[in-house]
Amino acid sequence: MPELPEVETVRAGLEGLLKDAVIVRVEPHRSGLRRPFGDLSALSGPVRAVRRRAKYLLIDAAKATLLSHLGMTGSWRIGDAPRAHDHLTLHLADGRRAVFNDPRRFGLAALLDAAGHHPVLAGLGPEPLDPAWDGAALRVALRGRKAAIKAMIMDQRIVVGVGNIYAQEALFRSSIRPQRPAGRLDLAACHRLVAAIKTVLNEAISVGGSTISDFVHAGGGTGLFQHRFQVYDRGGQPCVICGAALRRTAIAGRTTCWCPRCQR
DNA sequence: ACGTAGACTTGAGCGC
DNA sequence: AAACCTCAAGTCTACG
């Protein structure tokens with residue numbers, strides 16, 4: 000999916016396009032995706048804000064909040080002709096339509112409950128761009144863990160928003176070998192890693208995220224951060240720092256590229 | 001509890 | 001060239 004920078008880019012775009020627009024009708028095109036949509040009709044009314052928590056979007060209307068997740072291939076767009084894999088349409092009073100499209104159907108859409116909660120939000124870890132999340136906090140979360148550090152920073156209970164692209168890029172930038180047992184990182188390494196995660200996420204947000212094949216902004220544009228990848232999908236190619244051939248391995252089932260010389 | 005593999009799904013592509 | 005193949009921004013479950 001879209002990781003945090005992509006979701007944040009969609010959030011900002013959707014907020015600009017939807018704020019103060021009035022939803023007059025919610026039209027599902029199937030019963031659900033990863034989970035049933037449930038009854039979405041309470042979403043009708045003016046849109047107040049579009050928020051983000053982890054990789055989830057929250058569209059606040061007057062009487063309800065729509066939670067959505069883009070899965071691997073989900074997108075929101077405004078006012079287009081219908082397309083294959085459109086799953087949910089929000090009809091607006093001005094005639095535009097906000098449409099959720101997702102070819103692989105790993106996404107999610109549902110309303111928050113009356114208390115503003117949803118089961119998928121329970122148990123999520125800290126936001127990586129929260130100033131309170133620092134190396135010391137990460138070190139505490141990793142204590143005793145033997146799994147690879149890369150798997151741990153992709154675990155949404157440890158920290159949210161980091162997926163397979165930005166985990167690899169942040170580990171390269173902090174010179175940490177992705178397969179190192181997480182609990183053995185010292186405080187200095189945790190500080191470096193947290194700083195690298197924040198920097199790479201902020202850089203990616205500033206250029207509208209990464210587009211590999213599917214990701215598009217709510218306004219239809221693509222991201223640009225894919226041009227700045229230093230290790231992602233670069234197995235066999237030279238390290239941008241030392242020139243050594245980057246290695247490619249699987250960690251917890253996810254392809255991982257890293258420099259055998261720069262990352263320890 | 002912890003860690004990993006497999007499942008879910010559709011589309012892209014010369015690598016793996 | 002093609003795709004009967006493998007791989008993909010993510011979660012969720014089921015096993016050891």
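Residue numbers are given in numbering that gives the first Met the number 0: position 66 of the first sequence equals residue 65, and the series is strictly consecutive.
By construction, the Cβ of each residue, glycine as well, lies at the ideal position given by its N, Cα and C atoms.
- Around the C-beta of asparagine 100, 16 or more other C-beta atoms lie within 10 Å, and the residue is accordingly described as buried.
- In the DSSP assignment, leucine 89 forms a beta bridge with Val25 and Ala97.
- Arginine 52 sits in a strand when the DSSP states are folded into three classes.
- Annotated as proximal: tyrosine 231 and glutamine 167, with beta-carbon spacing under 8 Å.
- With a cut-off of 8 Å on Cβ pairs, the stretch 106-121 is in contact with the stretch 30-44, counting three or more such pairs.
- Leucine 200 sits in a helix when the DSSP states are folded into three classes.
- Selection Gly70, Pro45 and Leu120 evaluated against leucine 91 yields Pro45 as nearest (Cα-Cα).
- Inter-segment contact for the stretch 110-125 and the stretch 152-163 is present: three or more beta-carbon pairs are separated by less than 8 Å.
- Under DSSP, the beta-bridge partners assigned to leucine 65 are Ile58 and Leu110.
- With contacts defined as CB atoms closer than 8 Å, isoleucine 58 and leucine 69 fail to qualify as a contacting pair.
- Annotated three-state conformation of arginine 47 is strand, per DSSP.
- Taking a contact to require three or more Cβ pairs closer than 8 Å, the stretch 216-227 and the stretch 8-16 qualify as touching.
- Note on glycine 37: under 16 other CB atoms within 10 angstroms of its CB, so exposed under the neighbour-count rule.
- Relative to glycine 242, the option among Gly234, Thr248 and Ala249 whose CA is nearest is Gly234.
- Just measuring C-alpha positions, the residue of Asp112, Trp75 and Pro118 sitting nearest alanine 97 is Trp75.
- Nearest to glutamine 262 by C-alpha distance, out of Ile240, Ala249, Ile22 and Arg253, is Ile240.
- The C-beta of threonine 255 has 16 or more other C-beta atoms within 10 Å across all chains shown, which makes the residue buried.
- A straight line joining the alpha-carbon of alanine 121 with that of arginine 52 spans about 11 Å.
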